[in-house]
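Have a look at the structure below before the remarks.
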Amino acid sequence: MRKADLINQISEKTGIPKVDVLVTLESMFKAVKTALASGENIYIRGFGSFITKKRAAKIGRNIKKNVAVQIPEHFIPAFKPAKEFMQEIKSSKNIKENTEKIDENED
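Start counting at 1 in the sequence shown, then tack on 336, and there's your number in the working numbering.
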């Protein structure tokens, strides 16, 4: 599902015009980015948490020049699903069927 599909689905279910749904969704994304950039985590009960994770400093390698590169410690955004969300996904039969169909097509 893409963002456009999500907007269409929300618009159809709620009767809100697509433009208003788009503006609301974009505002939500911007609020999440701003909060995480300022070091604040976002907790949405029943859905999950948008958090920042710390990555330790490490030594990487520039393959083209074969030179070691120091990568400083940094923070990355992450999503941690809520227990209810995880349980719903685990108990869903549709996901298992879709996964099996994808696996069969790869063979």
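Positions of the beta carbon are idealized from the N, C-alpha and C atoms, including for glycine.
Taking the C-beta atoms as reference points, Ser-347 is found nearer than 8 Å to Lys-354. Looking at the backbone, the Cα of Val-405 and that of Gly-396 are separated by about 5 Å. Around the CB of Ile-431, fewer than 16 other CB atoms lie within 10 Å, so the residue is classed as exposed.
Burial check for Ile-407: the Cβ neighbour count within 10 Å stays below 16, so the residue is exposed. Residues of the same chain with a CB within less than 8 Å of the CB of Asn-377, apart from the 5 flanking positions on each side, are Ala-371, Ser-385, Phe-386, Ile-387 and Thr-388 in chain order. Look at Lys-394 here: in three-state DSSP terms it is strand.
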